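J.: Take the sequence shown: its letters are residues 2 to 622, numbered as in the working numbering.
All C-beta atoms, glycine included, are put in the ideal place defined by N, C-alpha and C.
Nothing here was measured: the structure is a model prediction, and the numbers come from that model.
I'd like to ask some things about the structure below.
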Amino acid sequence: MIKNEKELNATIKKCTTSLDEKFAGTNGKRAIVICGGTGCLSSNSAEILAKFQKEIEARGLSDKVTANKVGCFGFCSQGPFVKIFPEDTLYRGVKVEDVEEIMTSDIINHQVVERLLYIDPVTQARIQKQDEINFYKKQVRLALHGCGVINPECIEEALGYGAYQGLQRALHMSRQEVIDEILKSGLRGRGGGGFPTGRKWQFAYNQQNDEKYVVCNGDEGDPGAFMDRSILEGNPLAVIEGMVIAGYAIGASNGYFYVRAEYPIAVERLRKAIEEAEEIGLLGDNILGSGFNFRVHIRLGAGAFVCGEETALLNSIEGKRGMPRPRPPFPAVKGLWDKPTIINNVETLACVPFILREGADKFAQYGTEKSKGTKVFALGGKVNNVGLVEIPMGTTLRELIYDIGGGIPHNKAFKAIQTGGPSGGCLTAKDLDTPIDYDNLVALGSMMGSGGAIVMDEDNCMVDVAKFYMEFICDESCGKCSPCRIGTKRMLEILTKITEGKGTMNDLHELEELATTVASNSLCGLGQTAANPIVSTMRQFKDEYLAHIVDKKCPAHICKKLTQYHIIPESCKKCSKCARNCPVNAISGVPGKEPYVIDQAKCIKCGLCLASCPFKAIIKK
């Protein structure tokens, strides 16, 4: 039990020494760490870890080698990852069957397994160390501090890597001084809105009340987003510390983590971190002998996207249906159980310990004038290097997509990047040199959002993209207000009509009117931003909408009912394979004598003919 600051310092010193020895190998041992993030776990990283532990024991190396899990390395498209200290050797794409080779070659004979090293796609050079890979070179890990480095289920490693040093400093400051430090840092909410975190804390601090609350919004629901999940899985104690600091700053004694139940690994590690912190006295009553009491609770969400909206989230915690409340009053004045409440998302709270530990100026040295620090993105879609990325604000979209993301697969042309998820918009090639920050993205018709970044190439249909997001919004609308409930449904119907080749020019006018109506009359942010993907794609890709409506064609050949399959007569070998595979007998011809022809009236657009032709004589139009 750590009862005071002196005991904490002694514990931190001991843990830091132990962790440094592990990294440097001065403890006489080599350390094997395996990615324990969800992505790598889905590719059998738990089995890889178990195999390493079994091999270490079987070979009598328990006194010379350790093996354990760490959080997400970020480079998800290359996982599972295995890293060896002190050499800092990084192996990617490791399989269970590779473990014995790594043990024999690297651990015993000190010979790097070359075939498992990352290969630079340009130079074809094999790269041994993580920091020398382009994917990592421009990243700065502040919110992701400790992810891919420490065991997320070991509080000693977290303490050895900086945990609770921020809180320690905060407890030597007045509550107002802590808020001033957050204000000075320029930290803005990483959940999407970008509201200054210090101002939100100030509002709650100024309220006179017998009870206040801190809520962590871990209800990450954007399609393709996994930033908050990875932080909670990789270093949950950092987020807990951020919540405790927030609680001290505003005078709260209880905090609630609201995490979706679809994140079982994150929930499990968060729960364990809370239990460990309570056991050693870093949560609960009289933390570090300061007289400050703070307890942390977990509430599980059922996966409703609308509960990412802060007032709907509060209703859910209270056991009510997850539907938004009218504002004002804002949660900082009247929030959880009508008490002053601050709601910050996972990434925001993960930044707080760094600010208090290193100082506001250190945080503010990164970023732009109005957007300080770093931002975590889940980079996905049509990009070579899919994964979790943390970059300084002000990094350009081009750097994100090409330098870090490695460009577009198969040398396809870049078409757009969707930022902000369903609430955001599409940015095109003309925007690639735009520095990423809150205000720049909004000015371009998109938004930061929580950090999802989906890259699209020439093969994406932008009308279909808008339809995808509208389907999501319709499914996730709570139905409380009619503009969102009805308006989004009508917009989806029109988009479906257009993708089926039944659209008219009047439909574009109706989409514009509906977009304005829904945005200006919906109760919460879900409805107010629901039409953004439509507005954005119509502005940037009007020609694609016109092609669907006027020409009855999908330029990207994605919209099934607008796609036609044709057999090139001069390329047809008259083998009849396409006809034999057609489920509706829409293809006719004479084997060995006449080229085959597709009857467009009978064709159901299944694509089996295209897949079955060995001579590439069939094309999509």
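I'd like the ranges of any beta strand (DSSP E) spanning at least 3 consecutive residues and lying wholly in the region 14-101.
T.: Entirely contained in the region 14-101, the beta strand (DSSP E) runs reaching 3 residues are, in chain order, 31-36, 66-71, 83-86 and 90-92.
J.: With 16 other CB atoms within 10 Å as the buried threshold, where does proline 237 fall?
T.: Burial call: buried.
J.: List the DSSP bridge partners of proline 596.
T.: Its beta-bridge partners do not exist; DSSP assigns none.
J.: Taking 8 Å as the cut-off, decide whether the C-beta atoms of alanine 226 and serine 451 are in contact.
T.: Going by C-beta atoms, alanine 226 is nearer than 8 Å to serine 451.
J.: What whole-angstrom Cβ distance do tyrosine 257 and tyrosine 214 have, given they're in contact under 8 Å?
T.: The Cβ separation is near 7 Å, so the contact holds.
J.: Within 10 angstroms of its Cβ, does alanine 305 collect 16 or more other Cβ (buried), or is it exposed?
T.: Counting Cβ neighbours within 10 Å, alanine 305 comes out buried, since at least 16 surround it.
J.: Could you check what DSSP says for glutamate 391 in three-state terms: helix, strand or coil?
T.: Of the three classes helix, strand and coil, the one that applies to glutamate 391 here is strand, per DSSP.
J.: Which residue from Arg230, Ile299 and Ile103 puts its Cα closest to that of alanine 144?
T.: Among Arg230, Ile299 and Ile103, the Cα nearest to that of alanine 144 belongs to Arg230.
J.: Where does phenylalanine 364 sit, in a helix, a strand or coil, going by DSSP?
T.: If DSSP states are grouped into helix, strand and coil, phenylalanine 364 belongs with the helices.
J.: Within 10 angstroms of its Cβ, does glycine 374 collect 16 or more other Cβ (buried), or is it exposed?
T.: Under this definition glycine 374 is a buried residue.
J.: What residue from Glu348, Glu88, Ile134 and Lys335 has the CA that sits closest to cysteine 148's CA?
T.: When each option's Cα is compared against that of cysteine 148, the closest is Glu348.
J.: Can you name the start and end residues of the beta strand (DSSP E) that arginine 191 belongs to?
T.: Careful: arginine 191 lies outside any beta strand (DSSP E) and carries neither H nor E.
J.: When the Cβ atoms of the region 178-191 are set against those of the region 357-376, are three or more pairs found closer than 8 Å?
T.: Touching, yes, given that three or more Cβ pairs across the two stretches are closer than 8 Å.
J.: Buried or exposed: where does lysine 70 fall if 16 or more other Cβ atoms within 10 Å of its Cβ makes it buried?
T.: Buried, by the Cβ-count rule.
J.: Looking at the secondary structure, which residues open and close the alpha helix (DSSP H) in which threonine 342 lies?
T.: First-last for threonine 342: 342-346, but that is the beta strand (DSSP E), not the alpha helix (DSSP H).
J.: Looking at the secondary structure, which residues open and close the alpha helix (DSSP H) in which cysteine 217 lies?
T.: That residue, cysteine 217, is in no alpha helix (DSSP H); its beta strand (DSSP E) goes 214-219.
J.: Determine which residues share a DSSP beta bridge with methionine 448 and list them.
T.: Answer by DSSP bridge pairing: none, since methionine 448 is not bridged.
J.: Return the CA-CA distance between alanine 444 and arginine 491, expressed in angstroms with no decimal places.
T.: Using only the alpha carbons, I get a separation of about 27 Å.
J.: Just to confirm, is the Cβ distance from glutamate 242 to proline 354 under 8 Å?
T.: Yes, Cβ-Cβ distance for glutamate 242 and proline 354 is below 8 Å.
J.: If you follow the alpha helix (DSSP H) that alanine 612 is part of, which residue opens it and which one closes it?
T.: Here the alpha helix (DSSP H) through alanine 612 covers 609-613.
J.: Leaving aside the five residues before and after arginine 581 along the sequence, list all residues of the same chain whose C-beta is less than 6 Å from its C-beta, in chain order.
T.: Nothing listed; no residue qualifies.
J.: For glycine 296, which three-state DSSP category applies?
T.: Before going on, a small fix: residue 296 reads as arginine here, not glycine. Three-state result, arginine 296: strand.
J.: Is it right to say phenylalanine 378 is buried, meaning 16 or more other beta carbons lie within 10 angstroms of its own, or is it exposed?
T.: Classification for phenylalanine 378: buried.
J.: Under the DSSP definition of a beta bridge, which residues are partnered with methionine 457?
T.: DSSP, once it has assigned bridges, lists Ala417 as partnering methionine 457.
J.: Take every Cβ of the region 159-168, pair it with every Cβ of the region 13-23, and state whether three or more of those distances are shorter than 8 Å.
T.: Judged by Cβ distances under 8 Å, the region 159-168 makes contact with the region 13-23, as three or more pairs qualify.
J.: Just curious, the beta strand (DSSP E) that serine 521 is in, first and last residue?
T.: First-last for serine 521: 506-522, but that is the alpha helix (DSSP H), not the beta strand (DSSP E).
J.: Let me confirm a value: threonine 530 is counted as buried when at least 16 other C-beta atoms fall within 10 Å, else exposed. Which label applies?
T.: Threonine 530 should be labelled buried.
J.: Buried or exposed: glycine 480, going by 16 or more other Cβ atoms within 10 Å of its Cβ?
T.: That one is exposed.
J.: Starting from the C-beta of glutamate 263, find all residues in its chain whose C-beta is less than 6 Å away, skip the five residues before and the five after it, and write them out in chain order.
T.: Closer than 6 Å at Cβ, skipping near neighbours: Gly304.
J.: Helix, strand or coil for phenylalanine 258? Go by DSSP, reduced to three states.
T.: Strand at phenylalanine 258.
J.: For proline 153, is the classification buried or exposed, using 16 other Cβ atoms within 10 angstroms of its Cβ as the cut-off for buried?
T.: Buried, since its Cβ has 16 or more Cβ neighbours within 10 Å.
J.: Compare the beta carbon distance of aspartate 107 and isoleucine 134 with 8 Å and say whether it is the shorter of the two.
T.: For aspartate 107 and isoleucine 134, no; Cβs fall outside 8 Å.
J.: So, is valine 424 buried or exposed, given that buried needs 16 or more other C-beta atoms within 10 angstroms?
T.: The sequence as given places serine at residue 424; valine does not occur at that position. So serine 424 ends up on the buried side.
J.: Would asparagine 5 pass as a contact of leucine 289 if the rule is Cβ separation under 8 Å?
T.: Their beta carbons are under 8 Å apart, which means asparagine 5 touches leucine 289 by this criterion.
J.: By the 10 Å Cβ neighbour count, where 16 or more other Cβ atoms means buried, how is tryptophan 202 classified, buried or exposed?
T.: Flag for tryptophan 202 reads buried.
J.: Rounded to a whole number of angstroms, what is the C-alpha to C-alpha distance between threonine 397 and isoleucine 455?
T.: Approximately 15 Å between the Cα atoms of the pair.
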